[in-house]
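Report on the following structure.
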Amino acid sequence: MNHFTPFVPARISLADVLISDANGRDLEQRALHTMRMRVKIQRRAEAAMLLALGFTLAFTFALQVPA
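So the mapping is simple: this note's numbering equals the position in the sequence shown, first residue as 1, plus 46.
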(Lines of atoms letter the chains of each structure in order from A and count residues from 1; the text may use other names and numbers.)
(Lines give C-alpha, C1' and ligand atoms only; values in the text may rest on other atoms or scores of the structure.)
Protein backbone atom coordinates (compact mmCIF):
# COMPACT_ATOMS: atom_id res chain seq x y z
CA MET A 1 0.00 0.00 0.00
CA ASN A 2 1.23 3.46 -0.82
CA HIS A 3 1.13 5.77 2.20
CA PHE A 4 2.72 8.75 0.52
CA THR A 5 0.57 11.17 -1.41
CA PRO A 6 1.96 13.78 -3.75
CA PHE A 7 2.10 17.34 -2.48
CA VAL A 8 0.15 18.61 -5.48
CA PRO A 9 -3.13 17.06 -6.66
CA ALA A 10 -2.87 15.08 -9.88
CA ARG A 11 -5.09 17.46 -11.84
CA ILE A 12 -2.94 20.47 -10.96
CA SER A 13 0.32 18.69 -11.71
CA LEU A 14 -1.02 17.55 -15.08
CA ALA A 15 -2.36 21.01 -15.93
CA ASP A 16 1.00 22.27 -17.15
CA VAL A 17 1.46 19.06 -19.15
CA LEU A 18 -1.93 19.49 -20.80
CA ILE A 19 -1.31 23.15 -21.63
CA SER A 20 2.40 23.28 -22.47
CA ASP A 21 3.51 22.54 -26.04
CA ALA A 22 7.05 23.83 -25.60
CA ASN A 23 8.91 20.68 -26.60
CA GLY A 24 6.41 19.22 -29.04
CA ARG A 25 6.19 15.76 -27.47
CA ASP A 26 2.78 14.16 -27.53
CA LEU A 27 0.50 14.26 -24.50
CA GLU A 28 1.03 10.62 -23.55
CA GLN A 29 4.81 11.02 -23.33
CA ARG A 30 4.48 14.16 -21.24
CA ALA A 31 1.99 12.53 -18.85
CA LEU A 32 4.31 9.53 -18.50
CA HIS A 33 7.21 11.85 -17.71
CA THR A 34 5.10 13.60 -15.05
CA MET A 35 4.23 10.28 -13.43
CA ARG A 36 7.88 9.21 -13.41
CA MET A 37 8.86 12.47 -11.72
CA ARG A 38 6.13 11.98 -9.11
CA VAL A 39 7.44 8.48 -8.39
CA LYS A 40 11.00 9.81 -8.10
CA ILE A 41 9.90 12.54 -5.68
CA GLN A 42 7.92 9.99 -3.69
CA ARG A 43 10.93 7.66 -3.40
CA ARG A 44 13.07 10.55 -2.17
CA ALA A 45 10.43 11.42 0.44
CA GLU A 46 10.33 7.79 1.61
CA ALA A 47 14.13 7.66 1.87
CA ALA A 48 14.24 10.93 3.81
CA MET A 49 11.59 9.71 6.22
CA LEU A 50 13.40 6.41 6.80
CA LEU A 51 16.66 8.27 7.37
CA ALA A 52 15.02 10.62 9.86
CA LEU A 53 13.43 7.68 11.65
CA GLY A 54 16.78 5.88 11.81
CA PHE A 55 18.54 8.91 13.25
CA THR A 56 15.74 9.43 15.77
CA LEU A 57 15.87 5.82 16.93
CA ALA A 58 19.67 5.87 17.15
CA PHE A 59 19.60 9.14 19.09
CA THR A 60 16.98 7.91 21.58
CA PHE A 61 18.85 4.62 22.00
CA ALA A 62 22.09 6.51 22.70
CA LEU A 63 20.38 8.67 25.34
CA GLN A 64 18.88 5.79 27.28
CA VAL A 65 19.80 5.79 30.95
CA PRO A 66 20.87 2.34 32.20
CA ALA A 67 18.34 1.01 34.68
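The beta-carbon is built from N, C-alpha and C at its ideal position, and this holds for glycine as well.
### Message
I need the boundaries of the alpha helix (DSSP H) containing Q110, first residue and last residue.
### Response
It is not in any alpha helix (DSSP H) - Q110 carries neither H nor E in the DSSP assignment.
### Query
What do you get for R76, buried or exposed, if any count of 16 or more other CB atoms within 10 angstroms of its CB means buried?
Buried.
### Message
Less than 9 Å between CB atoms is the rule here; does E92 satisfy it with respect to chain C?
### Response
Absence of chain C from the displayed structure is noted, only one protein chain being present.
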